[in-house]
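Residue numbers (my numbering): 99 to 308.
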């Protein structure tokens, strides 16, 4: 009995360390959202505990994983969750399943390698190494004299100066002649390891942006 308890505790510890690195070391640095950090770590720990118990019963592991997947989809469909948050959710669900299967069987090295690969992949993708992503921001703009098509270079230059973003293109969404303002969508390439987005020129983040 004590051997099973110690095996469970060691596995839970390895799983929690992997989850802390993934959520606390990678996700939290870019999105310090308390509700997601709480949910991810709780989900990860509880799923490992349940899966570890399922491996000792006749219930199929596939059935158990399916139950967690259905529960997560039904629960989080009610929230405005981005693809990025859902990807982290899938990762913290998959890690305890992997650990609960491999660690009790003595495959500690395989479990550690699997955890390392998942965490390293997420870390590299978060850093954006080798990628140049296109982003969009909503801007309320008051200089209607630059909206004309023949003055587009001047408009782009003014947006770059006032927002601090490397704006490459702009789309006119709406023009309000009563208030003399226009709603624009600016398109720019994300700079690697960028910290925060400039708020000059009445820049408004696009809804749902991660």
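All residues carry an ideal CB built from backbone N, CA and C; glycine is no exception. All of these numbers come straight from a predicted model, not from anything done at the bench.
For residue 133 and residue 126, the gap between their C-alpha atoms comes out near 11 Å.
Between the alpha carbons of residue 238 and residue 193 lies a gap of roughly 43 Å. Within a 10 Å sphere around the beta-carbon of residue 109 sit 16 or more other beta-carbons, which makes this residue buried. Under the 8 Å Cβ criterion, the segment 211 to 220 does not count as touching the segment 256 to 271, having fewer than three qualifying pairs. A residue is called buried when at least 16 other Cβ atoms come within 10 angstroms of its Cβ; residue 261 meets this threshold and is buried.
In this structure, residue 145 sits away from residue 201, with a CB-CB distance that is not shorter than 8 Å.
By the C-beta density criterion, residue 116 is buried, having at least 16 other C-beta atoms within 10 angstroms. Secondary structure of residue 243 (DSSP, three-state): helix. With at least 16 other beta carbons inside 10 angstroms of its own, residue 253 counts as buried.
Looking at the backbone, the Cα of residue 270 and that of residue 284 are separated by about 9 Å.
For residue 266, the enclosing beta strand (DSSP E) has its first and last residue at 265 to 274.
Taking each of 266, 224, 240 in turn and checking the Cα distance to residue 251, the smallest one comes out for 266. The DSSP-derived three-state label of residue 212 is helix.
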